[in-house]
RNA sequence: AGGCACGUAGCCCAGUGGGAGAGCGCUUCCUUGACGCGGAAGAGGACGGCGGUUCGAUCCCGCCCGUGCCUACCA
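Numbering (the numbering used here), first residue to last: 2 to 883.
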């Protein structure tokens with residue numbers, strides 16, 4: 002900051018200081034360092050691509066907290082890393098291969114995985130660079146990846162432990178199957194379309210075996226009838242009572258299938274009769290199990306009708322549906338077709354319509370794991386912010402279903418299970434076995450499937466710290482303090498981490514979860530990689546600066562709500578950065594020596610005022626940060642720095658700085674520097690680069706080599722000065738009133754004017770305002786009117802708590818305009834007065850309202866009354882005089 | 001279907017049981033020695049609708065309308 006450019010220029014500053022911080026290892030958390038600690042793990046970004054604005058907000062908030070706690074002197078760990086993101090990454094790599102005309106099957110598993118690792122190298126680096134450009138103070142010496150050896154060991158340890166406890170099992174069940182990704186999915190990955198999708202409800206007759214009319218079923222997926230092995234009705238449904246136990250004929254395939262009674266059937270829906278294809282629907286599977294109906298699989302993994310589908314074998318599900326409906330219609334068995342909104346689930350990763358599919362998969366029994374997670378929130382040991390998420394969290398845990406963890410993918414942790422070719426038994430092992438644990442056969446083969454990517458993520462808070470080993474890091478930094486993440490992964494990740502934390506370490510992995518805002522575009526769509534509607538954070542940083550971007554997203558993000566972002570909005574932060582820069586520039590050009598704050602007696606009222614105000618802001622900022630009110634903290638600093646420090650204090654200080662009195666000038670400069678020091682520290686977590694650049698340049702005694710390890714300011718009560726706050730507050734209002742009059746009277750900005758002040762009784766300090774009025778409002782002379790004297794024919798303004806300020810017309814104003822203004826004011830005052838008097842006239846108000854409120858209203862009425870009288874007088878005198 | 005948020009100035013959003021706010025945009029003016037990424041002064045709002053609680057409601061409660069999100073085995 003040797004030569005002071007007029008505008009703040011981020012790029013060089015950012016690079017220089019980030020390099021310095023790294024070199025000094027300020028980001029590194031030493032587990033051997035004494036004292037209180039603070040730890041937080043990053044929600045590991047997927048390596049599918051570069052970061053979005055959502056990541057910018059999420060990581061900015063984390064960095065704010067981390068830098069705040071570090072400045073408070075805590076040994077602070079921010080654990081960084083990335084997630085292999087199994088299915089998502091496999092898909093993007095497959096897509097990039099497709100662009101070359103290659104499929105993963107052509108490459109083979111080993112070659113394909115090599116390509117994925119290459120991908121991970123590239124995007125892992127990109128993500129790291131983005132976080133660093135943003136200023137994130139992660140402990141990069143500890144960077145982790147979910148497929149690192151250590152983390153993979155944790156995954157295997159967990160699988161084996163759960164297996165040994167009977168909480169991991171292999172089940173033959175209906176799962177969500179993506180016919181495009183060719184893998185099973187968890188319930189959470191099968192996304193329900195809001196409000197359903199356009200479709201039809203087909204009413205189909207299944208004739209009776211006895212030649213009778215049989216039953217009419219209603220279905221939204223007629224092609225599944227090929228797998229029907231029964232029809233279900235409600236036991237209390239009189240329409241079908243005679244049919245229960247009898248059989249009907251499944252059209253097109255001519256299979257005889259029984260009619261059973263089950264209470265899950267809703268007689269009100271459709272025809273009250275449900276076709277039951279056990280292998281094609283999870284509910285039907287359960288009905289079938291209760292009534293001994295055999296499952297019949299009629300679909301292949303790619304969504305085509307298989308050999309069990311008779312004449313329809315080989316057809317794609319969509320085509321099969323079309324043909325079956327046509328055939329039914331032709332045979333007169335299609336009773337009715339109505340338009341209907343059909344609930345449809347789609348693959349989270351490729352949007353393909355999911356098929357319920359009967360297959361062998363691995364599951365985790367979740368109910369036992371959920372209990373401590375429920376208890377943690379109920380007892381308050383774990384706090385969710387905003388609080389409304391606790392209901393969502395509890396509801397999910399209380400109704401939790403088993404978790405399908407096997408995926409028919411290549412990219413991920415292989416399932417540590419080996420099947421014996423001789424005895425058929427399973428061997429589950431922490432280290433790769435070479436023989437069957439049951440019969441000793443060497444003919445064993447590992448399960449080809451991999452684990453759900455979240456099966457490694459749910460261990461993140463401790464697997465990154467070296468678990469299952471009892472490492473010093475784990476002992477020092479687990480459990481973490483806070484998790485900051487998006488509410489969209491509350492089930493995928495947050496709830497499961499809580500469960501894993503309790504199950505494997507007996508402790509909740511964090512005390513507080515803060516859900517940050519969702520970043521949307523101007524149309525309200527969530528910014529995401531798949532939509533491609535997020536600006537590239539690096540481009541925004543290049544255009545506006547990292548501090549500007551950080552500050553802007555925090556300033557725009559209300560707690561727990563969404564935020565609409567567009568790159569141009571970053572002007573807010575850039576302008577603020579520039580404002581701060583110039584305030585510092587102003588202070589720095591006053592001299593290079595280092596004045597300390599003088600005795601209280603040498604400080605001017607404005608000096609004392611800003612120091613006192615500063616203490617309040619320090620307290621408010623700390624309180625806001627403690628309560629995760631990031632926006633409030635940011636905007637509080639914005640307002641104070643811009644609209645109090647710059648707009649008023651800097652202007653007040655010029656009087657002393659450019660004046661004759663050397664001591665007063667030194668006091669003002671010392672005050673400026675003192676305030677800037679505290680402000681740079683307060684603001685550092687939000688705008689790390691700019692604050693470091695300025696702080697380093699301040700000619701003050703520094704408690705540290707970097708602002709990022711300087712103590713975070715604490716309120717110092719010795720500077721509290723209510724008297725100075727009251728007096729200077731009056732001055733501000735007076736200056737405003739004079740400027741206002743000038744503007745309304747059309748007095749040219751350069752013209753000097755005289756004013757007369759009739760101070761209110763309690764307007765202490767007004768007698769000292771003259772020099773400030775001269776400087777800030779171009780007032781050539783201030784006359785103080787004796788008590789009770791009210792000049793006539795002069796426009797005036799009323800300043801609450803100060804009195805009235807009069808301004809002679811001096812022939813420059815348009816009298817008609819002045820009258821119009823007074824009339825307007827009079828109308829407003831009269832209305833307010835009427836309302837207040839009406840209130841005071843009501844008995845119930847006087848009796849029931851608290852005394853201080855009543856007193857306040859009385860005071861107000863008196864003020865308004867005085868003002869009204871004065872305005873009236875002036876109007877009269879103007880009319881007469883003109 | 002149920003649940004949860006939100007509905008405040010033209011736009012994006014803060015906020016509080018007793019006098020409606022910031023930012024952007026808009027109008028007028030200002031190249032005064034930190035800053036035009038600036039300064040000064042303004043205009044602009046029945047705080048979604050209807051009831052209720054209260055001396056008093058933009059704020060608390062209920063219902064309704066609108067928007068968004070989440071959950072759900074209604075074929």
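Cβ coordinates follow ideal geometry from the N, Cα and C atoms, glycine included.
Under the Cβ criterion (8 Å, minimum of three pairs), the region 151-170 does not count as touching the region 337-351.
In the DSSP annotation of this structure, the continuous segment of the alpha helix (DSSP H) that includes residue 286 starts and ends at 283-292.
From the listed residues 33, 472, 458 and 509, the smallest Cα separation to residue 482 is found for 509. Counting along the chain, the unbroken alpha helix (DSSP H) around residue 664 starts and ends at 663-684. Here residue 84 is bridged, per DSSP, to 47. Looking at the DSSP output, residue 362 bridges to 172. Residue 380 and residue 391 have their C-alpha atoms spaced approximately 12 Å apart. At the C-beta level, residue 218 and residue 377 stay beyond 9 Å of one another. Within the region 748-826, the beta strand (DSSP E) runs of at least 3 residues that lie entirely inside it are, in chain order, 754-760, 780-785, 797-800 and 804-807.
Where residue 689 is concerned, the enclosing alpha helix (DSSP H) starts and stops at 689-698. Counting C-beta atoms within 10 angstroms of its own C-beta, residue 356 has 16 or more neighbours from the protein chains shown and is therefore classed as buried. In the structure shown, residue 419 falls within a strand segment according to DSSP collapsed to helix, strand and coil. Comparing alpha carbon positions, the residue from 56, 466, 262 and 407 closest to residue 174 is 407. Residue environment analysis places residue 60 among the buried positions, since at least 16 neighbouring C-beta atoms fall within 10 angstroms of its C-beta. As for any beta strand (DSSP E) of minimum length 3 sitting wholly inside the region 48-123, the runs are 76-80, ordered along the chain.
Straight through space, the alpha carbons of residue 445 and residue 689 are spaced by roughly 57 Å. The beta carbons of residue 288 and residue 277 sit about 5 Å from each other, so the pair counts as a contact at 8 Å. For residue 259, DSSP records a beta bridge to 248. Around the beta carbon of residue 702, fewer than 16 other beta carbons lie within 10 angstroms, which makes this residue exposed. Taking the C-beta atoms as reference points, residue 518 is found no nearer than 9 Å to residue 574. Annotation: the continuous beta strand (DSSP E) that includes residue 487 extends over 483-487.
Taking C-beta atoms under 8 Å as the contact rule, residue 305 and residue 315 qualify, at a distance of about 6 Å. Leaving aside the five residues that flank residue 164 on each side, the residues in its chain whose CB is nearer than 6 Å to its CB run, in chain order, 429. With a beta-carbon spacing of about 5 Å, residue 459 and residue 501 fall inside the 8 Å limit used to define contacts. The beta carbon of residue 714 is closer than 6 Å to those of 619, 679, 682 and 683 in its chain, skipping five residues each way along the sequence. Within the model, the alpha-carbon separation for residue 667 versus residue 707 is close to 26 Å. Boundaries of the beta strand (DSSP E) around residue 39: 38-42.
Judged by beta-carbon spacing, residue 181 lies beyond the 9 Å limit of residue 222, meaning their Cβ atoms are not closer than that value. In the three-state scheme derived from DSSP, where H, G and I count as helix and E and B as strand, residue 493 is classed as helix. With contacts defined by Cβ atoms closer than 9 Å, residue 147 and residue 461 form a contacting pair. Inter-residue distance for residue 568 and residue 695 is about 26 Å (C-alpha atoms, whole angstroms). Distance from the Cα of residue 149 is smallest, within the candidate group 85, 860 and 754, for 85. Around residue 332, the same chain offers 252 as residues with beta carbons nearer than 7 Å, after the five sequence neighbours per side are excluded. Counting only residues of its own chain and dropping the five nearest sequence neighbours on each side, residue 308 has a CB closer than 6 Å to the CB of 314. For residue 201, the enclosing beta strand (DSSP E) has its first and last residue at 198-207. Per DSSP, the beta bridge partners of residue 179 are 184.
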